[in-house]
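Working notes, beginning with the structure itself.
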Amino acid sequence: MTLRFNQPFLTGRELGYIQDALHNGVLAGDGPYTKRCGRWLEEYVGCRKALLTHSCTAALEMAAILSGVGPGDEVIMPSYTFVSTANAFVLRGAVPVFVDIRPDTLNLDETLIEAAITPRTKAIVPVHYAGVGCEMDAIMDIARRHDLIVIEDAAQGVLAEYRGRPLGGIGHLAAFSFHETKNLMSGEGGALLVNDDRFVDRAEIIWEKGTNRRQFFRGQVDKYTWVDVGSSFLPSELVAAFLLAQLEDGRAITDRRLAAWNAYHAAFEGMERAGDLRRPIIPGHCVHNAHMYYLLLPTMARRDLLLKTLNDQGIKAVFHYVPLHDAPAGRRHGRPHGDLARTVDLSGRLLRLPLWVGLPDDAVATIRRIVAEA
Ligand SMILES: *Cc1c(COP(=O)(O)O)cnc(C)c1O
Numbered sequence: 475m476t477l478r479f480n481q482p483f484l485t486g487r488e489l490g491y492i493q494d495a496l497h498n499g500v501l502a503g504d505g506p507y508t509k510r511c512g513r514w515l516e517e518y519v520g521c522r523k524a525l526l527t528h529s530c531t532a533a534l535e536m537a538a539i540l541s542g543v544g545p546g547d548e549v550i551m552p553s554y555t556f557v558s559t560a561n562a563f564v565l566r567g568a569v570p571v572f573v574d575i576r577p578d579t580l581n582l583d584e585t586l587i588e589a590a591i592t593p594r595t596k597a598i599v600p601v602h603y604a605g606v607g608c609e610m611d612a613i614m615d616i617a618r619r620h621d622l623i624v625i626e627d628a629a630q631g632v633l634a635e636y637r638g639r640p641l642g643g644i645g646h647l648a649a650f651s652f653h654e655t656k657n658l659m660s661g662e663g664g665a666l667l668v669n670d671d672r673f674v675d676r677a678e679i680i681w682e683k684g685t686n687r688r689q690f691f692r693g694q695v696d697k698y699t700w701v702d703v704g705s706s707f708l709p710s711e712l713v714a715a716f717l718l719a720q721l722e723d724g725r726a727i728t729d730r731r732l733a734a735w736n737a738y739h740a741a742f743e744g745m746e747r748a749g750d751l752r753r754p755i756i757p758g759h760c761v762h763n764a765h766m767y768y769l770l771l772p773t774m775a776r777r778d779l780l781l782k783t784l785n786d787q788g789i790k791a792v793f794h795y796v797p798l799h800d801a802p803a804g805r806r807h808g809r810p811h812g813d814l815a816r817t818v819d820l821s822g823r824l825l826r827l828p829l830w831v832g833l834p835d836d837a838v839a840t841i842r843r844i845v846a847e848a
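Going by the working numbering, 570 is the number at position 96 of the sequence shown; the sequence numbering is gapless.
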C-alpha cells in the first residue's frame, strides 16, 4: 500500500466559483468572493471582522503589527509550534519567550505563563495544536490581569471549539490557515479574525497597504490616502472563490476527517492499554476538528524506527515541529523560559499518520498491523 501523508480534498465547486469570479471581472482582492468568505467566517466565528489573507503567516504578521509590539518587547508562546508563530513578532523586533507545553494536549501550559511575564511582556500567543483548544479561560484571565493581548494561532483550529466557543473567536485577535495541508484550504490562504472592537479599523488599513481605501469605498472619507503602516495582505479573488467552496462544505469535510480520526483512535486503543504508545487526549470541554492523528511512542528511538518501517512500506508518516528554542534562529531571536523539558521530550516521540478525506477503508487496519509488528 502507498499512502500520501496529505491529499488535498476538492468539493467539486472550486472551478465553477473561479469561473464566476472571472466573469465578475474583479480579480484583485476584496471583491465579491473575498466579501462572501469574510462574512462566512464572521458568522461562523462570531468575530467583529474577518479579513482574508494570502496565508496564516500574513495574518499573524498583521496581528503582530496590531498588537503594537516593538523592539525588546516580549511575546509568550510555545516552542512547539510552526516558525510563523515566532517570525511574525521577530519581524517587529520583539523577543519570543518560549514556554513549555502541557503533557496531555501538547498546547502551551497555561500554569507556566505567569512566571514568564516580565515588564516587557506585551502578548500571549496560544497555538491550538492539532485543532484542540488551549485553556483559553485561564489564558484570557492572565491577559486581563497583566494587560496583555492574546493572539490565537488557530491555523489548525478551523471548526473546532473550546467550551462551546469556536477557536479563533476567543482571543483579541486570531489567525486561521487555509494552506493545502489544513482541513479547509485554498492552496495558500489564511484569515485574520478580529474579536476586539478597538482593532477593527486599523486592521482594515494595515490589510489595504496602510491606506483608508475601505473607508473611502464606504463613503466614510472623501479621499483615499496613506494613513498608517501596512502591506499587501489580500489574496486575489480567484483564491477567495476557491476557498468559498471549501468553507461552504466545511462541516461535511470536518465530519469525514473525524470518521478517519475515530477509526485510528479505536484501532490504537488496545496498544495504548498495553503501554505500547499513547493516543491523542481531547479534554471533555474541547471539540476538535480531526486536523491531525498522532501517536506518542515510548522513546525517540522507537518513534524513529516506526517512522522508517512505515515509510519503507509506502506509508508516509512524519514527525512534527523541531522545537523553535533549539533552532538556529530561535536561539538568536528568542529566549527559553525554563528547560522546556516536555517540549523536547514529546516532540522527539511524536509521529503523525496520514489523515485526509478519502483515506482508503483498509488504510487504518494496515497501519495498525504495521505499528503492532514494528
Ligand atoms: C500551518 C501553520 C501556520 C502557517 O500557516 P500558513 O497559512 O502556511 O502561513 C502557522 N501556525 C501553525 C500552528 C500552523 O500549523
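Virtual Cβ for every residue (Gly too), placed ideally from N, Cα, C.
- DSSP places Phe572 within a strand segment (E or B) once states are collapsed to three.
- Excluding its 5 nearest sequence neighbours in each direction, Ala648 has C-beta neighbours in its own chain below 6 Å: Glu626, Ala628, Gly642, Leu667, listed in chain order.
- Residues of the same chain with a CB within less than 6 Å of the CB of Glu654, apart from the 5 flanking positions on each side, are Pro482, Gly661 in chain order.
- In the structure shown, Trp830 falls within a coil segment according to DSSP collapsed to helix, strand and coil.
- Among the bridge pairs identified by DSSP, Thr783 is matched with none.
- By DSSP's assignment, Tyr768 forms a beta bridge with Arg826.
- Straight-line measurement puts the Cα of Thr531 at about 16 Å from the Cα of Ala568.
- The C-beta of Pro754 has 16 or more other C-beta atoms within 10 Å across all chains shown, which makes the residue buried.
- Measuring C-alpha to C-alpha distances from Ala741 to each of Val601, His759, Ala590, Asp836 identifies Asp836 as the nearest.
- Nearest C-alpha to Ile591 among Leu565, Ile841, Arg618: Arg618.
- A contact between stretches requires three or more CB pairs, one per stretch, nearer than 8 Å, and the region 812–819 fails this requirement with the region 488–507.
- The beta carbon of His653 sits closer than 7 Å to at least one heavy atom of ligand 1.
- Taking a C-beta distance under 8 Å as the contact criterion, Glu635 and Val761 qualify as a contact pair.
- Relative to the non-hydrogen atoms of ligand 1, the Cβ of Gly664 comes within a distance shorter than 7 Å of at least one.
- If you check the C-beta of Phe556 against ligand 1, you find a heavy atom less than 7 Å away.
- Look at Thr531: its beta carbon is less than 7 Å from one of the heavy atoms in ligand 1.
- Restricting attention to Gly638, Ile598, Ser705, Asp615, the CA atom closest to the CA of Ile623 is found in Ile598.
- With a cutoff of 8 Å on beta-carbon distance, Thr555 and Val519 are scored as not near each other.
- Between ligand 1 and the CB of Thr559, the shortest heavy atom gap is smaller than 7 Å.
- Nearest to Thr579 by alpha-carbon distance, out of Val831, Pro757, Ala775, is Pro757.
- Ala649: member of the beta strand (DSSP E) spanning 647–651, first to last residue.
- Annotation for Thr783: Ile844, Ala848 place their beta carbon closer than 7 Å to its own, counting only its chain and skipping 5 residues before and after.
- The beta carbon of Gly804 lies closer than 6 Å to those of Leu798 in the same chain, with the five residues before and after it left out.
- Set against 7 Å, the gap from the CB of Lys596 to the closest heavy atom of ligand 1 is not smaller.
- Placement of the Cβ of Asp627 at a distance of less than 7 Å from at least one heavy atom of ligand 1 is found.
- In the three-state reduction of the DSSP assignment, Cys760 falls in the strand class, which pools E and B.
- Per DSSP, reduced to three states, the secondary structure at Asp819 is helical.
- Here Leu718 has Tyr491, Tyr507, Arg510, Cys511, Trp514 as same chain residues with Cβ atoms under 8 Å from its own Cβ, once five neighbours each way along the sequence are excluded.
- Here the alpha carbon of Ile841 sits roughly 8 Å from the alpha carbon of Ile789.
- In this structure, Lys523 lies away from Val701, with their beta-carbon atoms at least 8 Å apart.
- Comparing alpha carbon positions, the residue from Ser558, Val549, Phe650, Glu678 closest to Asp621 is Val549.
- Counting only residues of its own chain and dropping the five nearest sequence neighbours on each side, His759 has a CB closer than 6 Å to the CB of Arg637.
- One thing to note: Val703 has its Cβ within 8 Å of the Cβ of Ile680.
- Here the C-alpha atom of Leu771 lies approximately 56 Å from the C-alpha atom of Arg692.
- In the three-state reduction of the DSSP assignment, Leu721 falls in the helix class, which pools H, G and I.
- For Tyr636, the secondary structure class from DSSP, reduced to helix, strand or coil, is strand.
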